[in-house]
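Participant: For the sequence shown, my numbering gives the first residue as 116, with consecutive numbering after it.
Encoded as structure tokens, here's the structure I'll be asking about.
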Amino acid sequence: MSQATAYEQFMLELVNRERAKTGAQPLTFNGDLNESADSHSNWMIATDTFSHTGAGGSSPHQRMIQAGYTFSGSWTSAENIAWASTRAPAGLQDEVELLHTSLMNSPGHKANILNGTFREIGIGFDTGPYQTWDGAFVTQNFAKSGTKVFLTGVGMDDKDGDLFYDIGEGLGGLTVTAVSSTGARYSTTTESAGGYGLALAAGTYEVTFSGGGFAAVTKQVTISASNVKLDLIDPTTGTPSTPTSTTISGTASNNTLKGTSVANTIKGNGGNDKLYGNGGNDKLYGGTGNDALTGNAGNDRLYGDSGKDTLSGSSGNDILTGGTNTDTFRFSGQWGKDKITDFRNASDRIDLRATDLSFNDLSIRKFNADSDGKVDDVLIKADGQSITLINVKLSLIGASDFLF
């Protein structure tokens with residue numbers, strides 16, 4: 116199961132805008148369908164293949180099942196695929212728009228996009244070398260299974276005022292709570308790209324968006340036999356009920372410093388320090404010495420600075436910078452989609468000993484992760500999670516760079 120990236124969320128918004136024009140119900144992301152779509156896009160890039168027939172001769176429907184999606188009762192499924200060469204300007208939003216337009220200009224693919232029967236979707240948008248080009252690939256897996264109906268939408272900071280989702284506008288980590296007329300409560304959290312989906316029975320609900328430092332917003336929706344889309348656009352900043360962000364600093368000695376439930380800046384300074392981010396989107400700086408930095412919850416930034424440091428983002432989508440000297444980047448549990456900005460092969464190590472993974476379980480390929488328009492990064496994927504190495508040559512990465 117995997118979460119949608121901002122590019123995949125953007126494509127879903129394009130798809131749902133087209134569906135709204137025809138009165139078709141909006142689609143919601145399903146993590147298993149995302150996994151099947153993402154895996155197929157990666158497979159096509161890795162094998163220089165463009166086909167609905169995938170790994171091991173698999174069909175789209177088989178890949179959805181293999182990824183964990185359950186078909187029951189009245190069900191149906193379909194798949195769209197498309198690719199294009201990457202091009203200027205920098206960034207990939209224009210490639211997503213190009214692929215969407217290409218699919219809408221194809222009668223068969225357009226029929227899948229506008230099919231009102233479908234309720235769930237998985238989108239795998241990936242880039243990499245394809246034959247003689249730098250390619251952008253997308254796989255769309257559509258499905259409907261049983262009688263589940265969903266409340267879905269996106270939380271966003273509409274920076275350009277166009278009332279439509281763009282890359283960089285998603286609000287992740289918001290709590291979405293639906294309370295029925297009988298008092299039953301259902302809750303979920305917006306993903307890092309801002310999207311959410313909540314299976315609900317028919318009825319009228321008070322839906323509240325809260326968290327993230329914003330004032331709570333409550334809206335009423337009625338669910339019947341079709342999905343309903345409810346977005347949160349430009350929420351206002353609320354009065355915090357928890358401590359505000361603070362800077363926590365150590366001394367020249369060995370310190371153990373722990374953050375609070377909100378975003379903190381934690382500086383170890385001198386000594387061999389242990390820094391813990393706790394909740395919030397934290398920034399941790401080891402300073403001098405051999406430090407251990409743990410982000411914990413939230414999307415954190417970890418800087419080892421000088422010394423032989425150990426960095427662990429834990430949950431959330433974290434950015435890790437080891438700094439000078441030899442560093443270890445430790446991953447365990449559900450670490451999300453992390454980036455390492457300064458990985459040095461044959462010096463730094465990626466520590467996966469707290470997982471049950473082996474080198475053969477990893478998918479390692481070239482990738483464009485920093486919006487410079489160049490496929491000059493390395494993407495490491497396993498179990499729906501990823502580690503991106505920025506500005507690292509794929510040919511230099513091998514088993515010796517890992518600890519198992």
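Even glycine gets a Cβ: it sits at the ideal position worked out from N, Cα and C.
Just the C-alpha distance for T366 and D397, rounded to the nearest angstrom, thanks.
Facilitator: Roughly 19 Å separates the two Cα atoms.
Participant: Output the boundary residues of the beta strand (DSSP E) element that contains Y122.
Facilitator: Counting along the chain, Y122 falls outside any beta strand (DSSP E), though it belongs to the alpha helix (DSSP H) covering A121 to T137.
Participant: Please report the Cβ distance between D415 and G401, rounded to the nearest whole angstrom; I am assuming they are in contact, meaning their Cβ atoms lie under 8 Å.
Facilitator: About 13 Å separates the two Cβ atoms, so there is no contact after all.
Participant: Do you know how far the Cα of N157 is from the Cα of T297?
Facilitator: When rounded, the distance between both Cα atoms is 46 Å.
Participant: Are three or more beta carbon pairs between the region 138 to 149 and the region 223 to 238 nearer than 8 Å?
Facilitator: Segments in contact, yes.
Participant: List the DSSP bridge partners of M271.
Facilitator: Its beta-bridge partners are G285 and I348.
Participant: Can you tell which of G451, G270 and S189 has the C-alpha that lies nearest to the C-alpha of G410?
Facilitator: Minimum Cα distance to G410 is reached at G451.
Participant: Between E128 and Q449, what straight-line distance do the alpha-carbon atoms span, to the nearest angstrom?
Facilitator: Roughly 27 Å between the two C-alpha positions.
Participant: So which of D453, V130, V253 and R468 has the shortest CA-CA distance to Y280?
Facilitator: Measuring from the Cα of Y280, the nearest candidate turns out to be V130.
Participant: Going by C-alpha to C-alpha distance, which of G243, N369 and D424 sits closest to A161?
Facilitator: Answer by Cα proximity: G243.
Participant: According to the neighbour-count rule (16 or more other Cβ atoms, all chains shown, within 10 Å of its Cβ), is L518 buried or exposed?
Facilitator: Exposed, because fewer than 16 other Cβ atoms sit within 10 Å of the Cβ of L518.
Participant: Specify, as a first and last residue, the run of the beta strand (DSSP E) that D249 falls within.
Facilitator: Per DSSP, D249 belongs to the beta strand (DSSP E) from W248 to S260.
Participant: When the Cα atoms are used, what is the spatial distance from N440 to I465?
Facilitator: Going from the Cα of N440 to the Cα of I465 covers about 15 Å.
Participant: Can you list, in chain order, the residues of its chain whose CB lies under 8 Å from that of Q335, leaving out five sequence neighbours each side?
Facilitator: The residues are T319, Y320, E321 and V322.
Participant: Using the rule of at least 16 other Cβ atoms within 10 Å of the residue's Cβ for burial, across every protein chain shown, is G413 buried or exposed?
Facilitator: That one is buried.
Participant: What's the call for Q246, buried or exposed, on a 16-neighbour Cβ count within 10 Å?
Facilitator: Classification of Q246: exposed, given that the 10 Å Cβ count is below 16.
Participant: Given a threshold of 16 other Cβ atoms within 10 Å of its Cβ, counted over all protein chains shown, does N220 qualify as buried or as exposed?
Facilitator: The residue in question, N220, is exposed, as its Cβ has fewer than 16 Cβ neighbours within 10 Å.
Participant: DSSP three-state call for L142: helix, strand or coil?
Facilitator: Three-state DSSP puts L142 in coil, outside helix and strand.
Participant: Taking three-plus beta-carbon pairs below 8 Å as touching, is the region 181 to 197 in contact with the region 223 to 233?
Facilitator: The region 181 to 197 vs the region 223 to 233: in contact.
Participant: Can the beta-carbon of T371 be found closer than 9 Å to that of K389?
Facilitator: Yes, Cβ-Cβ distance for T371 and K389 is below 9 Å.
Participant: Taking the alpha carbon of T362 as the reference point, which residue from E284, A378 and S368 has its own alpha carbon closest?
Facilitator: Comparing Cα positions, the closest option is A378.
Participant: How many angstroms separate the CA atom of V507 from the CA atom of N483?
Facilitator: Distance between the alpha carbons of V507 and N483 is about 11 Å.
Participant: Per DSSP, which residues does W190 bridge with? Please list them.
Facilitator: BP columns for W190 point to S260.
Participant: From V264 to A497, what distance separates their C-alpha atoms?
Facilitator: The straight-line gap from Cα to Cα measures roughly 30 Å.
Participant: If you follow the alpha helix (DSSP H) that N379 is part of, which residue opens it and which one closes it?
Facilitator: Where N379 is concerned, there is no enclosing alpha helix (DSSP H), although the beta strand (DSSP E) it sits in stretches over N379 to K382.
Participant: Tell me where the beta strand (DSSP E) around A407 begins and ends.
Facilitator: From DSSP, the beta strand (DSSP E) with A407 extends over A407 to T409.
Participant: Within 8 Å, do at least three Cβ pairs link the region 256 to 263 to the region 294 to 312?
Facilitator: They do not touch, by the three-pair rule.
Participant: Quick one: using the 10 Å Cβ neighbour count with 16 as the cut-off for buried, is P222 buried or exposed?
Facilitator: Flag for P222 reads exposed.
Participant: Please state the DSSP three-state secondary structure of D147.
Facilitator: Correct three-state label for D147: helix.
Participant: Applying the 10 Å Cβ sphere with the 16-neighbour rule, what's the burial state of F444?
Facilitator: Answer is buried; the Cβ neighbour count reaches 16.
Participant: Helix, strand or coil for N396, going by three-state DSSP, please let me know.
Facilitator: Of the three classes helix, strand and coil, the one that applies to N396 here is coil, per DSSP.
Participant: Can you have a look at E123 and say buried or exposed, based on whether 16 or more other CB atoms are within 10 angstroms of its CB?
Facilitator: Looking at its Cβ environment, which holds 16 or more other Cβ atoms inside 10 Å, E123 is buried.
Participant: Would you identify the three-state DSSP class for A152, choosing helix, strand or coil?
Facilitator: DSSP places A152 in helix when its eight states are reduced to three.
Participant: Which two residues bound the contiguous beta strand (DSSP E) that contains K508?
Facilitator: Note, K508: premise wrong, no beta strand (DSSP E); not H, not E.
Participant: Should S515 go down as buried or exposed, given a rule of 16 or more other Cβ atoms within 10 Å for buried?
Facilitator: With fewer than 16 other Cβ atoms within 10 Å, it is exposed.
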